[in-house]
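Chemist: Residue numbers (UniProt numbering): 1 to 114.
The structure under discussion is supplied below as structure tokens; questions concerning it will follow.
Structure (structure tokens):
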């Protein structure tokens, strides 16, 4: 199986960029919710569970896209997507990421709806 895509390739891919930004946006919302209500760490409510499910679906979609496009293994795709997520989170201001409307991020493509 071919090697994992280079980070430069992923950074330039608009689809991957948008998908990873959606994931980061959801994680920011999750962090805010947990900061306001720390007890949710032990007993998550429906809102937190929904955020986690949507984040997992976006992550799955992103990983599948990278696997198909770059013909790499699942572990390589997961690793590079995680690296890109870390890089973007460190390099893009939080205010810019929060400018992405949460309602848009929570609207999964029809093929991903349960």
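Every residue gets a Cβ at the ideal spot worked out from N, C-alpha and C, and that includes glycine.
In this text the structure is predicted, and so the values were computed from the model without any measurement.
Helix, strand or coil for residue 32, going by three-state DSSP, please let me know.
Modeler: Note: residue 32 maps to helix in three-state DSSP.
Chemist: For the alpha helix (DSSP H) that contains residue 85, what are its first and last residues?
Modeler: Where residue 85 is concerned, the enclosing alpha helix (DSSP H) stretches over 74 to 91.
Chemist: Go ahead and pull the three-state DSSP assignment for residue 46.
Modeler: In the structure shown, residue 46 sits in a helix (DSSP, three-state: H, G or I).
Chemist: Just to confirm my understanding: we take residue 83, look at its own chain, exclude 5 residues before and 5 after, and list those with CB closer than 7 Å. What are they?
Modeler: Same-chain partners within the cutoff: 7.
Chemist: Grab me the residues of residue 20's own chain with a C-beta within less than 7 Å of its C-beta, minus the 5 sequence neighbours each way, in chain order.
Modeler: The residues are 62, 81, 84, 85, 88.
Chemist: Could you tell me which of 52, 100, 72 sits nearest to residue 33, measuring between CA atoms?
Modeler: Considering only alpha carbons, the answer is 52.
Chemist: Which of helix, strand or coil does DSSP assign to residue 115?
Modeler: Outside the displayed range of the chain (1 to 114) lies residue 115, so it cannot be described from this structure.
Chemist: By the 10 Å Cβ neighbour count, where 16 or more other Cβ atoms means buried, how is residue 12 classified, buried or exposed?
Modeler: Burial call: exposed.
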